[in-house]
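**Student:**
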């Protein structure tokens, strides 16, 4: 059978970097082909070449066995290659239909006015094909991220795409939404669409993919069946075996309670939440997207106002008017969206590290003490093994894992005793993940109190000593990590109140 | 190790993208000067004309320094031109009407600027009015106040001994008689040097960049974002007060109808100097070069007897061209 797309000996260089070297890849009609590799392995570059964003330096590309040059994103669309980027490019003030047919709006009889009815009808056809129950007139801003992603898929299909590239499509989805996405992917596969699926989530890939191609450092490593054991695939990705330490939970029951949260409430998002974290303890928060975990973290950190409740650090009640109060009390928050909330991406590494504690690095209370800032920046870079060419490297240019470390560093410098990690490994590759895990364990061993929020149940299970499960703003479970399983956590995460309003 | 890294960082500070931008702006300035010198050698490169150019850059230069801070935070201040006039007017009230001693009147004018900036900052942070609207309102309000206070008539400083020396005297000329550089020019360069240090070496400067780079990250770092914004607007307002003194001293009067439009010239100088309107990037040196590009261009065109209408057309084109070339350079990176 001729491959839908075949790539042979493809190479691509950027100034100073060989991004791709002799890469092979092929996609059959009606298959889901997963592309795996650590960040910087070249997955995105390869996909951008297929989508016409970049042009290749060397090598061959065949579409249905015929050599082809893909010169622009528009050209790729015309060749029936659609890409769904990790960041969604939708206009939140327009409707789903208006987004899908942007730039291709059907015109009415006069050729002057837009035919809004046809627009919605055409969209409805697409949604029907996907078995998606959603009115085409819905404003994008009113949709969940998952639904927005469905709109992107519908948009790709509207170009009659035969090749669909998905870059980390489940990064922001909860389990129910992932199921819906997988249903649509399976259906498209049956219709003969070839799907390239990029993801870091191993379990997902084994469920949805037919074949897996692994890349490392811009090179092609191998293509294997999706049933290949995970350990083997990870070994191919990182080029070495990852250590898997026995899980050991220290006894922290006699330690001082560092953080004590009582009766925290805010509207429907947080309802009477109580918990404590002791010195040396790692407390996990599990739950579905929208269960209120991030809301609790932001409330404890003073980033959002609360209706009632109190937060004690070292037994003393702290005022919760702004993050400033929380930081002064020794609470640090590593937000789930590093680029938007955690890092000043345009500033350099040392400036980011010293941002919360800047007052300490001033001479006469006014001037920056640059040598002290360098010294503490260097100390943190060494201690956390942050990979950066220099302390003055702009944070935006670091990889996800190293950006995360910069955010951790800034709270360590500030001497925070309570650290809240919100989705600490989102968008981080496997190798960096295990380093972050080790770091979190080390910090706990040093006597910090740690809260970890994660949508990935294996991560919560792996990291935590104790796990709180949330559903619809309430805490529905408090279990030891030794007793918990993915299934038991899931059951708690979906334990809704009897008379709760139907969830949309 | 740390020795190495501090060396590396010093080098990158001076050789990085910002330095390249300044180099480009500086090259443009040199090119303009060479062109005008070649076309009108006997009129352009004379001592009188050079001092004229320096003199005419002072007010816009100082206003542009004030705007640089605001624009790096990704804000905008449309009131700087009219605030300058308001400070000049209040200086007139203090010195001429109320007979305050000169140093106190000068200080008073700067304090008026700072307080007004503070009010703008509070409007933006407490009332949550976007900077564009808050300072647009402030611009109209101040213009009206200036006219009300003066009865729409200029206040003359003829009887205030030494006031005209603020901008027109020459401390340097007193020491080196060959170098008759007016004090106004000296003040602009001193202000630039002080502000460059503040921008690059103090917490205020660090937060100015941080706010423009990612305000939410700064807030989540536990920094009181609102307080620092108010401080930055206050500081910028104080600099506008200095500009007010400079223009009043040069004209030896406070002209209440003057000032509107200066804010746009200042913003143009800032942008030509490589400061990004979306915030997080900018330098004082770039801004000063930008201000000089504007005044050299206007001066040169006037010497070549280009009609004033055409001067405006050309200036507009140059501003667009400057930002366009800057974009090209960024895309290449």
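Residue numbers (the numbering used here), protein chains in the order written: chain G, 4 to 507; chain F, 6 to 338. Think of the CB as a built atom: it goes at the ideal place given N, C-alpha and C, for glycine as much as any other residue.
#1: Where in the segment 84-138 of chain F do unbroken runs of the alpha helix (DSSP H), each at least 4 residues long, occur, reported from the N-terminal end onward?
#2: Using a beta-carbon distance cut-off of less than 8 Å, what residues from the segment 217-241 of chain F approach chain C?
#3: Can the beta-carbon of residue 123(F) be found less than 8 Å from the beta-carbon of residue 239(F)?
#4: Which partner residues of residue 219(G) appear in the DSSP bridge assignment?
#5: Roughly how many angstroms lie between the CA atoms of residue 352(G) and residue 58(G), to the nearest whole one?
#6: Name the chain G residues whose beta carbon is nearer than 7 Å to that of residue 189(F)?
#7: Which of the three DSSP states, helix, strand or coil, is assigned to residue 184(F)?
#8: Taking just the CA atoms, how far does residue 315(G) sit from residue 424(G)?
#9: Who are the near neighbours of residue 20(F) in its chain, counting only those whose CB is closer than 7 Å to its CB and skipping five residues on each side?
#10: Determine the extent of the alpha helix (DSSP H) in which residue 49(F) is found, giving its start and end residues.
#11: Return yes when the Cβ of residue 56(F) is within less than 8 Å of the Cβ of residue 186(F), no when it is not.
#12: Which whole-angstrom value describes the C-beta separation of residue 117(G) and residue 111(G), a residue pair presumed to lie in contact below a C-beta threshold of 8 Å?
#13: So, at 7 Å on beta carbons, what are the nonlocal neighbours of residue 346(G) in its own chain, with the 5 sequence-adjacent residues on each side left out?
#14: Inspect the beta-carbon positions of residue 79(F) and residue 217(F) and report whether they are closer than 8 Å.
#15: I want to verify the contact list: residues of chain G whose CB lies under 9 Å from the CB of residue 286(F), in sequence order.
#16: How about residue 208(F): is its C-beta nearer than 8 Å to some C-beta of chain G?
#17: Work out the CA separation of residue 380(G) and residue 393(G) for me, nearest whole Å.
#18: If I measure Cβ to Cβ from residue 1(G) and keep anything under 6 Å in the same chain, skipping five residues before and after, which residues do I get?
#19: Which same chain residues end up closer than 8 Å to residue 109(G) when comparing Cβ atoms and leaving out the 5 residues on each side of it in sequence?
#20: For the segment 35-72 of chain G, list the alpha helix (DSSP H) runs that are entirely contained and at least 4 residues long, ordered along the chain.
#21: I need the DSSP call for residue 205(G), collapsed to helix, strand or coil.
#22: Are the CB atoms of residue 236(G) and residue 215(G) nearer to each other than 8 Å?
#23: Near residue 54(G), what residues of its chain come up, given a Cβ to Cβ distance below 7 Å and the 5 sequence neighbours on each side ignored?
#24: On the criterion of 16 or more Cβ atoms from any shown chain inside 10 Å, does residue 282(G) qualify as buried, or is it exposed?
#25: Short of 8 Å in beta carbon distance, which residues of its chain neighbour residue 364(G), apart from the five on each side in sequence? Order them along the chain.
#26: Compare the Cα-Cα distances from residue 230(G) to each of 9(G), 224(G), 265(G) and 209(G) and report the closest residue.
#27: Whole angstroms are fine: how far does the CA of residue 269(F) sit from the CA of residue 276(F)?
#28: Would you list the one or two residues that DSSP bridges to residue 30(G)?
#29: Measure the C-alpha to C-alpha separation of residue 249(F) and residue 196(F) and round it to an integer number of angstroms.
#30: Spell out whether any CB of chain G is found under 8 Å from the CB atom of residue 211(F).
#31: Go through its chain and collect everything with a Cβ distance to residue 481(G)'s Cβ below 6 Å, but skip five positions before and after it.
#32: Please classify residue 340(F) as buried or exposed, where buried requires at least 16 neighbouring CB atoms within 10 angstroms.
#33: Let's test the definition: count the other Cβ atoms within 10 Å of the Cβ of residue 212(F) and tell me whether it reaches 16, buried, or not, exposed.
#34: Answer with yes or no whether the minimum CB distance from residue 259(F) to chain G is below 8 Å.
#35: Please return the same chain residues whose Cβ sits closer than 7 Å to the Cβ of residue 416(G), not counting the five positions on each side in sequence.
#36: Is residue 215(F) close to chain G? Criterion is C-beta to C-beta, closer than 8 Å.
**Tutor:** Per the coordinate set shown:
#1: Fully enclosed alpha helix (DSSP H) runs of 4 or longer: 85-97 and 107-130.
#2: Within the model displayed, chain C is absent; protein chains G and F are what it includes.
#3: Taking the first residue of the second chain as position 1, residue 123(F) is located at position 118. Taking the first residue of the second chain as position 1, residue 239(F) is located at position 234. Yes, the Cβ-Cβ distance between residue 123(F) and residue 239(F) is below 8 Å.
#4: Counted from its first residue, the first chain places residue 219(G) at position 216. BP columns for residue 219(G) point to 222(G).
#5: Numbered from 1 along the first chain, position 349 holds the residue referred to as residue 352(G). Numbered from 1 along the first chain, position 55 holds the residue referred to as residue 58(G). Roughly 32 Å between the two C-alpha positions.
#6: Stepping through the second chain from its first residue, residue 189(F) is reached at position 184. Per Cβ cutoff of 7 Å: no residues; residue 189(F) is ~27 Å from chain G at best.
#7: The sequence position of residue 184(F) within the second chain is 179, counting from 1. Three-state result, residue 184(F): coil.
#8: Position 421 of the first chain, counted from the first residue, corresponds to residue 424(G). Position 312 of the first chain, counted from the first residue, corresponds to residue 315(G). Approximately 19 Å between the Cα atoms of the pair.
#9: To locate residue 20(F), count along the second chain from 1; it is residue 15. Any reading at residue 20(F) needs caution, since the residue's pLDDT is 35, under 50, leaving its predicted position unreliable; the model's value is listed next. So the list is empty, once near-sequence residues are dropped.
#10: Residue 49(F) sits at position 44 when you count from the first residue of the second chain. If you look at residue 49(F), you'll find it in the alpha helix (DSSP H) that goes 46-49.
#11: Here residue 186(F) refers to the residue found at position 181 when the second chain is read from its first residue. Here residue 56(F) refers to the residue found at position 51 when the second chain is read from its first residue. Closer than 8 Å, so yes.
#12: Looking up residue 117(G) in the first chain gives position 114. Looking up residue 111(G) in the first chain gives position 108. Right, their Cβ atoms sit about 7 Å apart.
#13: One-based indexing of the first chain puts residue 346(G) at position 343. For residue 346(G), the CB contacts under 7 Å within the same chain, skipping 5 residues up- and downstream, are 355, 398, 406, 409 and 410 in chain order.
#14: The sequence position of residue 79(F) within the second chain is 74, counting from 1. The sequence position of residue 217(F) within the second chain is 212, counting from 1. Residue 79(F) places its beta carbon less than 8 Å from that of residue 217(F).
#15: Within the second chain, numbered from 1, the residue matching residue 286(F) stands at position 281. Under the 9 Å cutoff, chain G gives 349.
#16: As a position in the second chain, residue 208(F) is number 203, starting the count at 1. It does; some Cβ of chain G falls within 8 Å.
#17: Walking along the first chain from the start, residue 393(G) turns up at place 390. Walking along the first chain from the start, residue 380(G) turns up at place 377. Between residue 393(G) and residue 380(G), the alpha-carbon positions lie close to 10 Å from each other.
#18: Examination of residue 1(G) is not possible in this model, given that chain G is present from 4 through 507 alone.
#19: Residue 109(G) sits at position 106 when you count from the first residue of the first chain. Only 117, 118, 121, 122 and 125 meet the Cβ criterion.
#20: If we require 4 residues or more, the alpha helix (DSSP H) runs fully inside the segment 35-72 of chain G come out as 46-53.
#21: Counting from 1 along the first chain, the entry for residue 205(G) is found at position 202. In the structure shown, the three-state DSSP call for residue 205(G) is helix.
#22: As a position in the first chain, residue 236(G) is number 233, starting the count at 1. As a position in the first chain, residue 215(G) is number 212, starting the count at 1. Yes, the pair counts as a contact, with Cβ atoms nearer than the cut-off.
#23: Translated into positions along the first chain, residue 54(G) becomes position 51. The answer, listed in chain order, is 76, 79, 84, 86 and 168.
#24: One-based indexing of the first chain puts residue 282(G) at position 279. The residue is buried, with at least 16 neighbouring Cβ atoms inside 10 Å.
#25: For the purposes of this step, residue 364(G) is taken as residue 361 along the first chain, with counting starting at 1. Cβ neighbours of residue 364(G) beyond the five flanking positions: 357, 371, 372, 375, 376 and 379.
#26: The residue labelled residue 230(G) in the question sits at position 227 within the first chain. Restricting attention to 9(G), 224(G), 265(G) and 209(G), the CA atom closest to the CA of residue 230(G) is found in 209(G).
#27: Against the second chain, residue 276(F) aligns to sequence position 271. Against the second chain, residue 269(F) aligns to sequence position 264. Whole-angstrom Cα-Cα distance: 10 Å.
#28: Counting from one through the first chain, the residue named residue 30(G) turns up at place 27. Residue 30(G) is bridged to 8(G).
#29: Taking the first residue of the second chain as 1, we reach residue 249(F) at position 244. Taking the first residue of the second chain as 1, we reach residue 196(F) at position 191. Using only the alpha carbons, I get a separation of about 14 Å.
#30: On the second chain, position 206 is the one that residue 211(F) refers to. Yes, its Cβ sits closer than 8 Å to a Cβ of chain G.
#31: As a working note, residue 481(G) is residue 478 in the first chain. Hits under 6 Å: 471.
#32: As shown, chain F starts at 6 and ends at 338. That puts residue 340(F) outside it, with no answer to give.
#33: Position 207 of the second chain, counting from 1, holds the residue named residue 212(F). By the Cβ neighbour-count rule, residue 212(F) is buried, with 16 or more other Cβ atoms within 10 Å of its own.
#34: Locating residue 259(F) in the second chain gives position 254, counting from the first residue. Against chain G, the CB of residue 259(F) has no partner CB under 8 Å away; the residue lies outside that interface.
#35: To locate residue 416(G), count along the first chain from 1; it is residue 413. Excluding sequence neighbours, residue 416(G) sits near 356, 357, 360, 379 and 383.
#36: Locating residue 215(F) in the second chain gives position 210, where the first residue counts as 1. Chain G, which has a Cβ nearer than 8 Å to the Cβ of residue 215(F), makes this yes.
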